[in-house]
Amino acid sequence: MRKMSYALAAAVALSGVLFTGAAAEAAATARPQAQASGPPFPYADCVKEVKRQYKGKKDPKATCDALVRKGYIKKPGT
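What the sequence shown shows, in mature numbering (1 follows the signal peptide of the UniProt record, and there is no 0), is residues -22 to -1, 1 to 56, in sequence order.
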């Protein structure tokens, strides 16, 4: 009876390891797809969005240039 409980415990532990490995593999394959829509964003989109959000209260070029230096926005012309 004790051998059966050891076998059952080993099977449960092995299935947990396999499930964790499968979940990690699925997450690793999903990341490149999600990253395509993330930063750096196009410069023209930045200027348009700053104009829309701040309605002329901020200089869109200066704001987007600061974001280019931080790496959130692509340089103009690239």
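Note that CB positions come from ideal geometry on N, CA and C, so glycine has one too.
From Gln13 to Tyr32, what distance separates their C-alpha atoms?
Because Gln13 sits at a pLDDT of 47, beneath the cut-off of 50, its placement in the model cannot be relied upon, and the following sentence gives the value as read from the coordinates. Those two C-alpha atoms are separated by around 27 Å.
Within its chain, find whatever has a CB closer than 8 Å to the CB of Lys36; leave out the 5 residues flanking it on each side and keep chain order.
Val28
Among the candidates Lys39, Lys52 and Thr56, whose CA atom is the shortest distance from the CA of Lys26?
Lys39 is the residue among Lys39, Lys52 and Thr56 whose C-alpha sits nearest the C-alpha of Lys26.
For the putative contact between Phe19 and Lys53, defined by C-beta atoms under 8 Å, what is the C-beta separation to the nearest angstrom?
Your pair Phe19 and Lys53 does not check out as a contact, with CB atoms roughly 12 Å apart and the cut at 8 Å.
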